[in-house]
Amino acid sequence: MGLRAVKPWIFLLPALVIYMTVILVPSLYTLYLSFFSWNGIAPTKTFVSLHNYIDLFMKDTVFPRALKNNLLWMIGSLIVTLGLGLSLALLLNKKLKGRTLLRGIFYFPYILSGVVVATVWAWMYNPTQGFVNKVLESAGLESWTHAWLAEPKIALYAVFVAGVWQGVGQPMVLFLAGLSTLPQDPYEAAIIDGANPFQSFWYITIPLLQETFVIVIATTMIASMKVYDIIIAMTGGGPAESTQVLSSWMYYQTFKFANIGIGSAISWMLVFIVMIVIVPYVYYTTKKSHL
Amino acid sequence: MKKRLSIVASILLAGGMLAGCSSGAGSNDSGGAGSSGATASGDKKDAGQKVSITVWSLDNGWEWLDKAVDDFKKENANIDVQISKYGTDPIKENLKLAANSKTLPDMWFTWGGSLGSFYPENGLTQDLTQIAKDHKYAELYNKAALDMSTYDGKLSGIPLHLNVLGMWYPNSVYEKANLKPPTTFADFEAQLQTLKDSGVTPLAFGSKGGWHTMRLTEALLEHYGGPDLHDKLTSLNASWNDPAVVKTFEKLKAYTDKGYFPKGYVSLDPQEAEALIYQQKAGLINEGTWFDRNLNTNATDAKNYSVFKFPTEQKPARPSVFAEMFQINGNADKAKQEAAVKLAEYVTSVNVVNKYIEDYGSPAALNTKISEKTPHLKQLLDSANDGAFLIMDQALPQQVIQKVFEAQDRVALGEWTPQQAAQEIDKAVTDYKNKKK
Amino acid sequence: MSGAIRYVVLIVLSVLFVIPLVFIAFTAVKSNADLMNHPFYTLPKQLHWDNFLKAWKQGRMDMYMKNTVLISVIKVPLGILIEALAAFALTRLHFKWSEPLFTLFLVGMMIPMQATLVPLNILLNKTHLVSTYPGIILIYIGFGIPFGILILRGFFRTIPKELDEAALIDGCGDIGKFLRVIIPLSMPAIATLVIFDFMATWNEFLLAQIFITKDTMKTITTGLMAFRGQFTTDYTLLNAAVLISIVPIFIVYLTFQKYFVNGMAGSVKG
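Residue numbers (the numbering used here), protein chains in the order written: chain A, 70 to 360; chain B, 3 to 439; chain C, 1343 to 1612.
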């Protein structure tokens, strides 16, 4: 029947229209721009087909490093930030005295703007006057002190720690929401069957949280590819471009160097890379649980 | 005596400006902003043609601009001014964005050099060369400021600020180490060691973002390369793979290895380096005409600090400078352009500067008063009288300066030799030029 | 995990977490001279509570907060409604385009905002929507759609089909199903979205800077920028301003996190 087929589209209409106007069409325009060499103003653009993309891998000295940094950040986020968020959600799910306060403490950093987070942590990492080194020195661990943000090998990880502090609130809240939708019956049945807490967790909680996992994994992956504020504010991409990420490098290319084509190419590389992983993952989980 | 003269001069100038404007309005053709077809002639005080202009400026510390604009509006009832304010980085982004989407305001604030060149290079600004001649800018503004607002021989901005840089130090630190400002380069280097021995950090610099340490780099480059080569390098007319460049980076490495910089300075925020100066735990920092205000806020008093010109041992002995200006939209209609020029000239005029001198910053206008709170302003401005070079992160294209920043870091970290640094920067210059073709 | 161990772990973690927050609070009540002249983790030499007043004034927070409240209060419910309708269609109305369309929405989440700025700037200028509430709200809704659909779709999928059938038997059409079954059961999801969406809108900086040029309409993030000068940043006032600006977000969080309660109250059996 005609109406039956049209109905979904009616429900989808507002979202689709706004989404296409605000996001999709501008993004496609950016994709179009990525095949040109242009400074954003000149009346003529020079068509370069795939050269912007090829140059990113072959000539650009920063792009490969930026890409690697994003992937490291992603792996770190999926393991540490997600893991910590899940653990906190599980711990804070049961009734506890002071639960609201504790949840608030872990969530609080997430609402702070990236600039403030970056500044506080940069000061904490200050090699001579910073809190971290002072604590290490007082604990007699002076050999462990470092110029945390100044050594290319560890700078990204130092920023990442700040990123975990800021970011753990998001997966925690998402998992709390997910846990609150879980039915009690399976747990009761499992206890009757003699299952221990770990088994309940592994065989009941995790599978039932599948949809939440999809959400958390998707947002974590996408956020780690797009990470920007905290890096720019803490290290500016340095030292020696060692903490550049795709978003910050795209910013440099587009706004500082006026290489619109290359900036656009970087944006779309970001999209392609995420799509490669996320799209199959979403399809796989959709198929698994019979819709 | 000087004050009275300058007031008389300003009145004459103001009169001249007004006269210039009304004749301008008379010759205004009826096209454009769809205002009433009323032919405006002569007295623009009658509300015949109302013009509305949009202005973009910085926010923090610019409260004086609002007051100055209010004063302006009182004198010019037919000009309505809408100011939008932005932070330091947002204004750069938003201007670029507006340029790309053809939505630039009628008048905007910008820095000089390659930060502001984008607009005149792409035909977006009004050519003010004739107006400058007619309104005698050469007598109103510091020559260095005018030069920095000129692109390709055409004046593209009305100068607002001229900032001059120098080496600052806390008096207490120098007294304790029994030092006086160095007159030779060898002196300067010897002082670095003396400062270190006296227990302070000799050079308070932070390389995060690259531009702070760059101030030292360019001073060294001026010393080793001389004014001629320095200018050729920044205008990309000489190869950067040059002994002067190599020597510059060798010094950066040497100073790093000798521990003259703060620990971890490679990623230190410049403001954290400044803190060392405020705490009088460091010897030297390279800052500019604005630094008095910083010292007054964060340290005890600007009077407890002194400044000297970096001993480049060159003739002329040039400090680093940069200018800030208002650019006028080249594609706005004539009435708006005239109103904007009028406003820009007003807020950069001697009278306005003097009225708001406490907060104005370092003016590009000549013959202004000096505030007690900025005791080092005149000294620094005078230090540029024999000549100056444009600060490097505005003189070079952004792509190239980014490579210089990277080189600074890598040399300090021991990842590149000074020779490699010179080669890499040269390569970046070549790449940039190839792209431009 | 036994109760005591649980507590110890939580206390240790929360102390570690709170340390930087304490420093932010210290910074907010210090004077600039204090901040610049002593290591930053030290206690304030003097408590400058007037920093908050100064930040409020200098950051024009009264005006900016009003604007931000207005934008958020319209954008968040409206956005959630639009997203819920779409997620409902994708999960409850059987049609073969759900997965491709969902992927399409998801792709939008991956696009960095900076990539869309020029076309959006042109669009808003052509439609005269710059510095208007409809303009910025439209853009915000657009950017919020992918995340909102992701969450709501995920949660809708956990609601058992049996309830749909029950509603059908009760004579509910699709709208009825939507309003009486799906929405009430998704309160944790909706609460989550309110929390995140409100916060994202409140803290949003990039788009607000570009698309709101009229000073009287600017948002609170602009106010925060007022403390970053060309030559120096006033960190004491900045931190004070940040603490002021997040109060509403925190209130929203506390209000809506009550929905994270255990189990689905009275629905499943049968």
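Glycine included, each C-beta is placed from N, C-alpha and C at the ideal position.
Alpha helix (DSSP H) segment containing residue i, residue limits
i	result
Ala287(A)	Gln279 to Lys295
Trp66(B)	Glu65 to Glu77
Ile223(A)	Pro221 to Gly236
Leu1385(C)	Looking at the DSSP string, Leu1385(C) is not in any alpha helix (DSSP H), and its letter there is neither H nor E.
Val1418(C)	Met1403 to Arg1434
Glu315(B)	No alpha helix (DSSP H) contains Glu315(B), which DSSP labels as neither H nor E.
Arg217(B)	Trp213 to Thr236
Ser1440(C)	Ser1440 to Met1452
Pro245(B)	Pro245 to Asp259
Ala1542(C)	Met1529 to Asn1545
Contact under 9 Å by Cβ, residue i with residue j
i	j	result
Phe1520(C)	Phe1382(C)	no
Gln273(B)	Ala301(B)	no
Thr219(B)	Ala397(B)	no
Leu165(A)	Tyr1349(C)	yes
Leu126(B)	Gly332(B)	yes
Tyr88(B)	Asp61(B)	yes
Ser333(A)	Ser103(A)	yes
Val184(A)	Ala327(A)	no
Ala147(B)	Pro161(B)	yes
Ala135(A)	Leu415(B)	no
Leu1448(C)	Val351(A)	yes
Phe1489(C)	Thr288(A)	yes
Asp244(B)	Ala423(B)	no
Leu1352(C)	Leu161(A)	yes
Leu181(B)	Lys260(B)	no
Ala278(A)	Leu248(A)	The residue asked about is misnamed: residue 278(A) is Leu in this sequence, not Ala. It is a contact, given that the beta carbons lie within the stated cut-off.
Met1528(C)	Phe1547(C)	The sequence as given places Ser at residue 1528(C); Met does not occur at that position. No, the Cβ-Cβ distance between Ser1528(C) and Phe1547(C) is not below 9 Å.
Met1403(C)	Ala1542(C)	no
Ser200(B)	Asp428(B)	no
Ile1366(C)	Phe200(A)	no
Boundaries (first-last residue) of the beta strand (DSSP E) holding residue i
i	result
Asn139(A)	Per DSSP, Asn139(A) belongs to no beta strand (DSSP E); it is in the alpha helix (DSSP H), Phe132 to Gly145.
Trp113(B)	Met109 to Trp113
Lys446(B)	Nothing can be reported for residue 446(B), as the shown portion of chain B is limited to 3 through 439.
Tyr307(B)	Tyr307 to Phe310
Ile55(B)	Val53 to Leu60
Pro204(B)	Thr203 to Leu205
For residue i, the nearest candidate out of the options (CA to CA)
i	options	result
Leu1389(C)	Leu1377(C), His1436(C) and Pro1419(C)	Leu1377(C)
Pro313(B)	Glu191(B), Val349(B) and Ile393(B)	Glu191(B)
Gly290(B)	Ser59(B), Phe207(B), Val166(B) and Lys182(B)	Val166(B)
Asn102(B)	Pro1442(C), Pro1454(C) and Val1460(C)	Val1460(C)
Thr1458(C)	Trp337(A), Val346(A), Glu310(A) and Phe80(A)	Trp337(A)
Val348(A)	Asp1516(C), Leu1492(C) and Gly1345(C)	Leu1492(C)
Asn1393(C)	Gln1599(C), Thr1543(C) and Tyr1577(C)	Tyr1577(C)
Glu374(B)	Asp361(B), Gln404(B), Leu368(B) and Pro264(B)	Asp361(B)
Lys336(B)	His163(B), Leu286(B), Asp108(B) and His137(B)	Asp108(B)
Thr258(B)	Gln316(B), Leu205(B) and Asn96(B)	Leu205(B)
Pro196(A)	Glu211(A), Ser182(A) and Val186(A)	Glu211(A)
Gly63(B)	Phe1598(C), Gln1599(C) and Thr1574(C)	Thr1574(C)
DSSP bridge partner residues for residue i (one or two, in chain order)
i	result
His163(B)	Glu326(B) and Pro365(B)
Glu289(B)	Gly168(B)
Trp107(A)	In DSSP, Trp107(A) forms no bridge with anything.
Thr274(A)	Paired residue(s): none; Thr274(A) is not in a bridge.
Arg1570(C)	Thr1575(C)
Phe116(A)	Phe105(A)
Ala1508(C)	Looking at the DSSP assignment, Ala1508(C) forms no beta bridge with any residue, so it has no partner.
Leu243(A)	According to DSSP, Leu243(A) bridges with nothing at all.
Tyr127(B)	Reading off the sequence shown, one finds Thr at residue 127(B), where the question assumed Tyr. DSSP output for Thr127(B) lists Asn331(B) as bridge partner(s).
Ala284(B)	Thr203(B)
The ligand NAD heavy atom lying under 8 Å from the CB of residue i
i	result
Asp1539(C)	The model on display carries no ligand, and the ligand NAD is accordingly not part of it.
Original post:
Curious, which full-length alpha helix (DSSP H) runs of at least 4 residues does the stretch 132 to 219 of chain A contain?
Top reply: Runs of the alpha helix (DSSP H) spanning 4 or more residues and lying entirely within the stretch 132 to 219 of chain A occur at 132 to 145, 151 to 160, 168 to 180, 183 to 193 and 200 to 207, in chain order.
Original post:
Mind pulling the alpha helix (DSSP H) runs of 4 or more residues that sit fully within the stretch 373 to 423 of chain B?
Top reply: 379 to 385, 394 to 397 and 400 to 415
Original post:
Whole beta strand (DSSP E) runs in the stretch 136 to 192 of chain B with 3 or more residues, listed along the chain?
Top reply: 160 to 172
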